[in-house]
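Taken in order, these protein sequences are the chains called X and A. Just so you know, we're using our numbering here: the first sequence kicks off at 946 and counts up by one. Just so you know, we're using our numbering here: the second sequence kicks off at 26 and counts up by one.
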Amino acid sequence: FRGKKTISPEILEELEEILIGSDIGVQTALDLVEKIRQQVNRKLINDTDELKKLLRSELLAILTAPAKSISGRAVRSETDIPLDIRPYVMMMVGVNGVGKTTTIAKLANLIKREGNDVMVCAADTFRAAAADQLTVWADRLDIPVIQQKPGTDPAAVVYDALQAAKARNTDVVIVDTAGRLHNKINLMNELEKMSRIAGREVPQAPHEVLLVLDAATGQNGLEQARQFTKTVPVTGIVLTKLDGTAKGGIVVAIARELGVPIRYVGTGEQIDDLTVFSPEEFVNSLFE
Amino acid sequence: SLSEKLKKTLKTLRGESKLTEAHIDAAMREIRIALLEADVNFKVVKQFVDAVKEKAVGQDVLQALSPHQQVVKIVFDEMQAMLGGESADIEFTSKTPNVIMMVGLQGSGKTTSTGKISRFLSQNRKRHPLLVSVDVYRPAARNQLAVIGQAINIPVFEAPELSDPLELTRAALKDAQQRGFDTLIIDTAGRLHIDDELMVELQQIKAETSPTEILFVADAMTGQDAVKSATEFNERIGLTGVVLTKMDGDARGGAALSIKQMIGKPIKFVGVGEKYDALEQFHPDRIAQRILG
Ligand SMILES: Nc1nc2c(ncn2[C@@H]2O[C@H](COP(=O)(O)OP(=O)(O)OP(=O)(O)O)[C@@H](O)[C@H]2O)c(=O)[nH]1
Ligand SMILES: Nc1nc2c(ncn2[C@@H]2O[C@H](COP(=O)(O)OP(=O)(O)OP(=O)(O)O)[C@@H](O)[C@H]2O)c(=O)[nH]1
Ligand SMILES: [Mg+2]
Ligand SMILES: [Mg+2]
């Protein structure tokens, strides 16, 4: 796709492979290629520059629609945290190993740098050394961490953190949850209970629920998003590990079907490796 | 399901005596879409569809099966053959200790699988494993393995004063030799296949320990990227097998076929849960069934 070329069937086949290879999904890829094929046949698109332009605008339309439709409640980035809600409660959810705990550290760092008092809540009371992992990050950032011994009901740790936050007038509380597969009903119920307890202790909590997705996830990412959004009030997505070779195309299918905005992108394992999602950069990288 | 889609596509085959190319082409379109939706890599889908087409075209329409059942059988058999093949057991030699390296991308399940596999080898293969984590990067990574070791009653080599993966490796190997452990499982840090420095680190650990097994731990819900990471790890480090984790999810698991077909190494274990007994041996027929939906 480098340089301006006329559009041949081979180019369209190559385009289909690039789109499928990015995990945007077969149907979406075939639909986009078909749309382009029709425009080519009607001579509305005559070279690859025009093709790329159309493709970009189609993808951008899908990716920017959710942010436009979700007004009011959710924030665009850590710089938008409403000052009148205290504590502002954020919860990180998602399946196992996607980067929830690491993302919390990165986000806490950004929020603290904005001048807020941040506290993290180690509500993963199941996995080996989960609280230890979050505590290492919290100590590095010099922020308080609320934890209980392994096996404690995670909702009880959420409760403790919110009581502590209210007592200390903390600005923001970020709750870490255990990784869980969305097809495990008892684990999804546990998550729903944590959210409900938060709402009982702080009006409207959790104010922000971020679903963390690994950029290398295939079509199952769509099912993950469906189930998590049914269980808790997901307000945004964090797409992690985009520093790898995976393109994270599944967020296109998720934006299209569920209208959840993509808030942040994880680009590494260090504290600064988190940026606000840019639809333009994301679409450009699909073709790199 | 694929079977229902093929039934529709092939209903005009009734009364014919052979599976014609036109019919097979229509069926292959359905199969291609089904496999892509199951996350099989598009290059592997091409190879698979070509292989199936070759077996199907010109075949006599069998009396016992309807045409779509016959195609489904060819597809299922081909997928099972591609997934299975060589021995999927851990290989042991008379060396002491036999070293097993656990490698893979971040978050795939290496540390948890280290626990599961050591427990399996101890209980089912009468081995005496020692575990060591050389993940000096991830916060509390070594703690995590220590906690797991406690939970399953398998010893974990610890040297908190060491912060270099290679020094840790040497010390653990020495300890295993001196204390008579016949197996040493090395849990390595998650890394990107494009991180040159960290891939070299794995080569150094391999050179230091001459492992009998290097297992690539891969997440079953990985999409098209599975081929890239598995191929790169295999080319740069050399893999002896694959562990497919989180199969207790509802991902179709096409990554299994992608990885097996591209690197040709056997899938030795399947992770089916977060607890340390949630480990199964690989059954190609079950995975084939799941991928085909
Ligand atoms: N390369 C890269 N690695 C990441 C990124 N985000 C997280 N990781 C790594 O992914 C691994 C898993 O991260 P965690 O934060 O423990 O993931 P988690 O979702 O909390 O995992 P569980 O709590 O076990 O479900 C760690 O090795 C992280 O360093 C990212 O954006 N890029
Ligand atoms: N449901 C399920 N979860 C699993 C399975 N295997 C591992 N996990 C979970 O996946 C998450 C990541 O597992 P780890 O063992 O920390 O992964 P890792 O590869 O060592 O991660 P890094 O060292 O950061 O690269 C944890 O929450 C595990 O409990 C599995 O087979 N099924
Ligand atoms: Mg975590
Ligand atoms: Mg690990």
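For glycine and all other residues, C-beta sits at the position ideal for the given N, C-alpha and C.
Taking C-beta atoms as the reference points, residue 281 of chain A and residue 1074 of chain X fail to come closer than 7 Å. Counted as a single uninterrupted DSSP element, the stretch harbouring residue 158 of chain A is not any alpha helix (DSSP H) but the beta strand (DSSP E) occupying residues 154-158. According to the DSSP assignment, residue 140 of chain A belongs to no beta strand (DSSP E) but to the alpha helix (DSSP H) extending over 135-149. According to DSSP, residue pairing for residue 306 of chain A in a beta bridge involves A:294.
Shown here, residue 961 of chain X sits in a helix according to DSSP, grouped into three states.
A Cβ of chain A is located within less than 7 Å of the beta carbon of residue 1128 of chain X. Contacts with chain X at 7 Å (Cβ-Cβ) do not include residue 259 of chain A.
Taking the C-beta atoms as reference points, residue 134 of chain A is found no nearer than 7 Å to residue 156 of chain A. In the three-state reduction of the DSSP assignment, residue 1104 of chain X falls in the helix class. The beta strand (DSSP E) runs lying completely inside the segment 1130-1208 of chain X and spanning 3 residues or more are 1153-1159, 1181-1185, given in chain order. Segment contact: the segment 1108-1116 of chain X against the segment 1055-1067 of chain X, three or more CB-CB distances shorter than 8 Å; contact assigned.
In terms of side-chain proximity, the C-beta atom of residue 270 of chain A is found no nearer than 6 Å to any non-hydrogen atom of ligand 4. Within 6 Å of the C-beta of residue 135 of chain A there is at least one heavy atom belonging to ligand 4. Using a Cβ-Cβ cut-off of 7 Å, residue 164 of chain A is close to 1078, 1081, 1082 of chain X, given in chain order. Contact annotation: in the segment 225-246 of chain A, residues whose CB is within less than 8 Å of a CB in chain X are 244, 246.
For residue 262 of chain A, not one C-beta of chain X is nearer than 7 Å to its own C-beta. Not a single heavy atom of ligand 2 lies less than 6 Å from the C-beta of residue 174 of chain A. Residue 62 of chain A is bridged by DSSP to nothing; it lacks a bridge partner. One thing to note: residue 309 of chain A has its Cβ within 7 Å of the Cβ of residue 105 of chain A. In terms of side-chain proximity, the C-beta atom of residue 1046 of chain X is found nearer than 6 Å to a non-hydrogen atom of ligand 3. The nearest non-hydrogen atom of ligand 1 is less than 6 Å from the C-beta of residue 1072 of chain X.
Sorting X:1145, X:973, X:1144, X:1227 by C-alpha distance to the C-alpha of residue 1184 of chain X places X:1227 at the top. Sequence-distant Cβ neighbours of residue 961 of chain X in its own chain, meaning closer than 8 Å and more than five residues away, are 974, 975, 978.
Close to chain A, meaning a Cβ-Cβ distance shorter than 9 Å, are the following residues of the segment 1032-1046 of chain X: 1040, 1041, 1042, 1043, 1044, 1046.
A contact is defined here as three or more CB-CB pairs under 8 Å, and the segment 53-69 of chain A meets this definition with respect to the segment 270-280 of chain A. At a beta-carbon threshold of 9 Å, the residues of chain A lying near residue 1186 of chain X are 130, 131, 132, 217, ordered along the chain.
Ligand 1 has a heavy atom closer than 6 Å to the beta-carbon of residue 1043 of chain X. In the three-state DSSP reduction, residue 34 of chain A falls in the helix class (H, G or I). Taking C-alpha positions only, residue 1046 of chain X is separated from residue 1201 of chain X by approximately 27 Å.
Residue ranges of uninterrupted beta strand (DSSP E) with 3 or more members, entirely inside the segment 221-256 of chain A and ordered along the chain, are 238-244.
Under the three-state reduction of DSSP, residue 1038 of chain X is assigned to strand. At a cut-off of 7 Å between C-beta atoms, residue 1118 of chain X does not count as an interface residue with respect to chain A. Taking a 10 Å sphere around the C-beta of residue 234 of chain A, we find 16 or more other C-beta atoms and assign the residue as buried. The three-state reading of DSSP puts residue 1231 of chain X in helix, counting H, G and I together.
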